[in-house]
Each structure stands twice: as structure tokens, then as C-alpha cells.
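Asks:
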Amino acid sequence: MKGKASGSCLCGNVQFEFALPTKWCSHCHCSLCRRAHGAGFVTWVGVDAKGFSIKTGETQLHRYRSSHEAFRSFCSSCGSTLFFESQKWPGEVHVVLANIATPIDREPESHAHPDDRVGWIPDWDIAPRPKVH
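Okay, here's the thing in C-alpha cells:
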């Protein structure tokens, strides 16, 4: 799939778009992602930084250094966590799947840090789902 995908934060002040295809899509169970999102896990989509842009709301976007090598970005108006950037993955922006409003080229394919999964999240495998006609 080629083209572009777009999304926004909850209040709509921060809007973004990125070029398709994406690089990957994965559920992350690490404790930093869980705490940053207030959730049992978060689903990220890896995109090429060269094809990524903030369309509106750059002044509302706040970057928080969550570790010595990574930043998490969120909307300072509504608090939506939006992006993750790390020296571990140069040239990539990781976008929260739930904030993407348009179709992308893949569904979640894997679990990152599955050993950190909280006990109340069921253990499940990523497997192709049968197509429903």
C-alpha cells in the first residue's frame, strides 16, 4: 500500500501524517509504555521519519525524555501520547496506532517485551485472522 495515513490527538490540536508503507506494527508490554499510556500495553506503528510530518499543533506538542536515549511526545492540551523516538531506531518515528484515523497497510504482527506483560492481560499469539466475507 502506498500513499499517506493521518491522525491526531484526542482534542485534534496535533495532527500528523506519514507516508506508507509502514515498517512494522507491534504491541509493546514494557513498563515504560504501560505507565506512559496508563494501559496494559500500547500498539505502535513504525514509520520512516523522512515521510512523517506534523500538520498542525506543533506548539502543543511536548517532548518528554523518558530515558537517556528516547523521547515520548504528547499533546499538552489533551494529554494524548502520540509518538516515540529513540536513538535505538534512527530514522524512525513510532506512532500510537489508536491515534491513526485512516487505514494503514498492516495489523499488529508481534509483541514487544512479552515477558513484561501484566498478569491481567491474557497471553495471546499473533496469528492471521480468517477473512470474513
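Residue numbers (the numbering used here): 7 to 139. Even for Gly, the Cβ is constructed at its ideal location relative to N, Cα and C.
Go to His74, then tell me how far its beta strand (DSSP E) extends in each direction, as first and last residue.
Replies: Here His74 belongs to no beta strand (DSSP E), and DSSP marks it neither H nor E.
Asks: Which runs of the beta strand (DSSP E) spanning at least 3 residues fall entirely within the stretch 59–107, listed in chain order?
Replies: 67–73, 76–81, 87–92 and 98–102, all fully within the stretch 59–107.
Asks: For Asp122, which option in Gly85, Arg40 and Ala107 has the closest C-alpha, if you only look at C-alpha atoms?
Replies: Nearest option by C-alpha distance: Arg40.
Asks: Are the beta-carbon atoms of Phe24 and Val53 separated by less than 8 Å?
Replies: It is a contact, given that the beta carbons lie within the stated cut-off.
Asks: Taking the straight line between their C-alpha atoms, what separation do you get for Val92 and Phe58?
Replies: The sequence given here has Ser at residue 92, not Val. In a straight line, the C-alpha of Ser92 is about 15 Å away from that of Phe58.
Asks: So, helix, strand or coil for Asp129, using DSSP?
Replies: Coil.
Asks: Per DSSP, what kind of secondary structure is Leu16 in: helix, strand or coil?
Replies: DSSP places Leu16 in coil when its eight states are reduced to three.
Asks: Within a Cβ cutoff of 6 Å, which residues of the same chain sit near Arg69, ignoring the five residues on either side of it in sequence?
Replies: Closer than 6 Å at the Cβ level, and outside the excluded window around Arg69, lie Phe77 and Ser79.
Asks: Between which two residues does the alpha helix (DSSP H) carrying Ala42 extend?
Replies: Counting along the chain, the alpha helix (DSSP H) containing Ala42 begins and ends at Ser37 to His43.
Asks: Below 7 Å CB to CB, which residues in the same chain sit around Leu103 once its five sequence neighbours on both sides are set aside?
Replies: Same-chain partners within the cutoff: Cys31, Thr49, Trp50 and Val51.
Asks: CB-CB under 6 Å to Ala42, same chain, minus the five flanking residues each way: which ones, in chain order?
Replies: Cβ within range, chain order: Arg78 and Thr87.
Asks: Measure from the alpha carbon of Trp95 to the alpha carbon of each residue in Glu75, Ile106 and Thr108, then state which is nearest.
Replies: It is Glu75.
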